[in-house]
Amino acid sequence: MDSLLGAVGRLLGELLVEVLLRWVLFGVGRVVLRLGTLGRYPRGHWLDDGWESAITCTVGLFVLLGAVVTLGTLMQ
928 MDSLLGAVGR
938 LLGELLVEVL
948 LRWVLFGVGR
958 VVLRLGTLGR
968 YPRGHWLDDG
978 WESAITCTVG
988 LFVLLGAVVT
998 LGTLMQ
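Convert by adding 927 to the 1-based position in the sequence shown; the result is the number in this note's numbering.
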């Protein structure tokens, strides 16, 4: 029973990380990079597992962290 609950927990954790990284971070990073480079970058598709996808997710992470810090500063 414990192994079944552990497997279900791992599956839910992996799905949560996949949704967060693929859809949220990549989506935000893609919009920011498209606006910043006037549509030239990123050239790949949503599900490519290359270095461009990693950079796009990283940009999305930094943008979201900056937004959270800015909102936290403004709320004080």
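We put the beta carbon where it would ideally sit given N, CA and C, even for glycine.
Excluding the 5 residues flanking it on each side, Cys984 has same chain C-beta neighbours closer than 7 Å at Leu948, Leu952, Phe953, Gly956, in chain order. Around the C-beta of Leu960, 16 or more other C-beta atoms lie within 10 Å, and the residue is accordingly described as buried. By the Cβ-count criterion, Val986 is buried, with 16 or more other Cβ atoms from all chains shown falling within 10 Å of its own Cβ.
Nearest C-alpha to Gly971 among Ser980, Thr964, Leu965: Ser980.
In the three-state reduction of the DSSP assignment, Leu965 falls in the coil class.
In the DSSP assignment, Gly971 falls outside any alpha helix (DSSP H) and carries neither an H nor an E.
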